[in-house]
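Each step along the sequence shown adds one to the number in the working numbering, with nothing skipped, and position 64 is 159.
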Amino acid sequence: MSLLGQVGYGSLEAIAFLDEMLKTSKDELIRREVAVTMGKIEPKHPQAGIRRIKMINLGMQFDKTEVALAVTLVPEGKEETNVLLQLYPRGQNCLPSNLKMEVLDENGNVFLEAESRKADNLIQLELNGDRGDSFSLQLTLREAFFNKQFVL
């Protein structure tokens, strides 16, 4: 699917194929990947998704732990967007134990959270929001934290 996103830019056949997959697939994982691929081929398509990855060097705060934050946005209608936040280790096989990922509302209240265990190589959270909604993502390990604000 990702190769199609690289070689099919602007291809009407590829767009039609992906559009059909979005209409017929019941598998949310497949639909998410198809939407991201559609975003690479035809970014203005109403069902085009986007994925961005940010490397976070937590420096001395987290014992020089580096993690990769993948943020995937997929339209769920005209105003609503599905957001998938995934945290992966970078340079290690596993995330550090007790790394907490929290999603906070506009008032700073936690409404979603996940915490890594000893052998986790991924933690993730999923939410839906409307255009203009905002939230913060906070990563916490012991006393140190990283915070990032998002607006849909």
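Note that CB positions come from ideal geometry on N, CA and C, so glycine has one too.
Given the structure is predicted, the values throughout are model-derived calculations rather than measurements.
Going by other Cβ atoms of all chains shown within 10 Å of its Cβ, with 16 needed for buried, is residue i buried or exposed?
i	result
I125	exposed
K149	exposed
K213	exposed
S229	exposed
E201	exposed
E197	buried
V205	exposed
E137	buried
K135	buried
V162	buried
Can you check whether the CB of residue j is closer than 7 Å to the CB of residue i?
i	j	result
T176	G144	no
M133	L113	yes
Q244	S231	yes
K195	E171	no
My guess is that residue i and residue j are in contact by the Cβ rule of under 8 Å, so how many angstroms apart are they, rounded?
i	j	result
T167	L179	4 Å
P191	T160	6 Å
R226	E174	5 Å
V169	A130	4 Å
C189	N216	5 Å
R185	A165	Wrong, their Cβ atoms sit about 11 Å apart, outside the cutoff.
Q233	L199	6 Å
DSSP puts residue i in a beta bridge; with which residues?
i	result
P170	T176
T235	K195 and F240
P250	Nothing can be reported for residue 250: it is not among the residues displayed for the chain, which extend from 96 to 247.
Q219	Q181
R147	V166
G224	T176
A209	M196
N152	E161
### Task
Identify every run of the alpha helix (DSSP H) within the stretch 105-138, keeping only runs that are complete inside it and at least 4 residues long; order them along the chain.
107-119 and 123-136
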